[in-house]
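Peer 1: Reading the sequence shown from the start, the letters are residues 9 to 318 in the numbering used here.
Glycine included, each C-beta is placed from N, C-alpha and C at the ideal position.
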Amino acid sequence: MPAPRSSLDAAFSPTDVLLFAATVLIFGSGWLPLKLQLGLVTPEVSGVWRFLVAALVMFAMVLVSGGRLAFTLRDHLLFAAMGATLFSLNFLSFYYAGYHLPSGLLSVVFALSAVITPLLSAAFLGLRLRGRVVAGAAAGVAGLALVFGPSVADGTGVNGMGEGLALALAGTVCFSLGSLLSGVAGRRGYPLASLTAWGFFYGLVILLAVALVRGSPFIVEWNTRYLGSLVYLVLAQTLTGFAIYLLLIRRIGANRAGYGAVLFPLVALALSTWYEAFHWTLTAAAGIALVLAGTLLVLMPERTRPDVSR
9 MPAPRSSLDA
19 AFSPTDVLLF
29 AATVLIFGSG
39 WLPLKLQLGL
49 VTPEVSGVWR
59 FLVAALVMFA
69 MVLVSGGRLA
79 FTLRDHLLFA
89 AMGATLFSLN
99 FLSFYYAGYH
109 LPSGLLSVVF
119 ALSAVITPLL
129 SAAFLGLRLR
139 GRVVAGAAAG
149 VAGLALVFGP
159 SVADGTGVNG
169 MGEGLALALA
179 GTVCFSLGSL
189 LSGVAGRRGY
199 PLASLTAWGF
209 FYGLVILLAV
219 ALVRGSPFIV
229 EWNTRYLGSL
239 VYLVLAQTLT
249 GFAIYLLLIR
259 RIGANRAGYG
269 AVLFPLVALA
279 LSTWYEAFHW
289 TLTAAAGIAL
299 VLAGTLLVLM
309 PERTRPDVSR
């Protein structure tokens, strides 16, 4: 007799479908506004404005709801590590990668976080490395070689696409490390709003330090392109998108919610093709397909063998 299905295994309800679609659209469309931020304002200063607003909003939410803000030094060390990996260095890497790569390709590289995270889990936490993760990683590497190899091989991408790829991969590794730290924070049971507020704060501090060390001017471009993209990144992606995604995980589970990572690049590539005139080639299309297939392979749940002992 088959075991009854839990609510996380049940078919999507209309609300689940709407939440999933909203998650894909919000995170998939966030790469183009990131590119629109690039101009007179340096990436670290744009990050300062983004997380200054986000941190203020999150701390206000915690205070209004009577949430917890006092934590130990040990707790703050974890918050600072999350701020470095999830809310500053990864964003900074992708901002600078955006000088060299179309927004759609940034999202394709980021999709590999679904492959890199379990690899890091095996390396640092001693978790078992599934065969499909190795296969997914191989597909991802082959896909990136098809997308970026031609321009690097002929020399045109050595200081362009090659540098952009390296920065985007660094940002993806930072995000994956942050995901592992988030798992640690989850096991310690921190209130989510408090954890996010402090993570935003430490991300802001790190971005501010980078800006000061580099001597970056704290300016704002007072035009629709910059301000519009900043508002979208803060309100839609950083605050609303994060809240929707967490609600989706609670309703359908992290594994099924994770399938959005395969769909985010499709939205980003469509926008990149339309607004940035992204040039498609057969090798690029094949490479992108390989990266997404590798990501999907890793995210798919393993089949469990039926219990025939009874």
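Taking its Cβ as the centre, do 16 or more other Cβ atoms sit within 10 Å of Y107, making it buried, or is it exposed?
Peer 2: Translated into the one-based positions of the sequence shown, residue 107 becomes position 99. Y107 comes out exposed.
Peer 1: Return the residue from the list L290, V306, A269 and L307 that minimises the CA-CA distance to L114.
Peer 2: Start at 1 with the first residue of the sequence shown, and residue 114 comes out as number 106. When only C-alpha atoms are compared, the closest one is A269.
Peer 1: Return yes when the Cβ of S111 is within less than 9 Å of the Cβ of L60, no when it is not.
Peer 2: As a first step, residue 60 is located in the sequence shown; it is residue number 52 there, counting from the start. As a first step, residue 111 is located in the sequence shown; it is residue number 103 there, counting from the start. Contact flag unset, no.
Peer 1: Cβ atoms of V116 and V141: under 9 Å apart, would you say?
Peer 2: The residue given as residue 141 occupies position 133 in the sequence shown. The residue given as residue 116 occupies position 108 in the sequence shown. No, the Cβ-Cβ distance between V141 and V116 is not below 9 Å.
Peer 1: Return the Cβ separation of A130 and L137 in integer angstroms, given the expectation that the two are a contact with Cβ distance under 8 Å.
Peer 2: Working through the sequence shown from its first residue, we reach residue 130 at position 122. Working through the sequence shown from its first residue, we reach residue 137 at position 129. Sure, about 4 Å apart at Cβ, within 8 Å.
Peer 1: Using the three-state DSSP reduction, which class does G36 fall into: helix, strand or coil?
Peer 2: The residue given as residue 36 occupies position 28 in the sequence shown. It is helical.
Peer 1: Do A219 and F208 have their C-beta atoms closer together than 9 Å?
Peer 2: Walking along the sequence shown from the start, residue 219 turns up at place 211. Walking along the sequence shown from the start, residue 208 turns up at place 200. For A219 and F208, no; Cβs fall outside 9 Å.
Peer 1: Quick one: residues in its chain with C-beta nearer than 8 Å to the C-beta of L175, no 5 flanking neighbours on either side, listed in chain order?
Peer 2: Looking up residue 175 in the sequence shown gives position 167. Counting only Cβ-Cβ distances below 8 Å, and skipping sequence neighbours, we find S101, F102, Y104, A105 and H108.
Peer 1: Taking contact to mean at least 3 C-beta pairs separated by less than 8 Å, is the region 178-192 in contact with the region 84-101?
Peer 2: Verdict: yes, contact present.
Peer 1: Within the continuous alpha helix (DSSP H) that includes S96, where are the two ends?
Peer 2: Here residue 96 refers to the residue found at position 88 when the sequence shown is read from its first residue. Taken as a continuous stretch (DSSP letters only), S96 belongs to no alpha helix (DSSP H), as it is neither H nor E.
Peer 1: Could you give the first and the last residue of the continuous alpha helix (DSSP H) run that contains I214?
Peer 2: Counting from 1 along the sequence shown, the entry for residue 214 is found at position 206. L200 to R222 is the extent of the alpha helix (DSSP H) around I214.
Peer 1: Would you mind working out which of L256, V149, M169 and A217 sits nearest A301, comparing C-alpha positions?
Peer 2: Here residue 301 is taken as the residue at index 293 of the sequence shown, counted from 1. Closest option to A301, Cα to Cα, is V149.
Peer 1: Contact defined as beta carbons within less than 8 Å: I believe T291 pairs with M66. What is the distance between those atoms, to the nearest angstrom?
Peer 2: Your numbering for residue 291 matches position 283 in the sequence shown. Your numbering for residue 66 matches position 58 in the sequence shown. Going by Cβ atoms, the distance from T291 to M66 rounds to 43 Å, so no, they are not a contact pair.
Peer 1: Provide the residue span of the alpha helix (DSSP H) that contains M308, from first to last.
Peer 2: In the sequence shown, counting from the first residue as 1, residue 308 sits at position 300. Segment: none, M308 is in no alpha helix (DSSP H) and carries neither H nor E.
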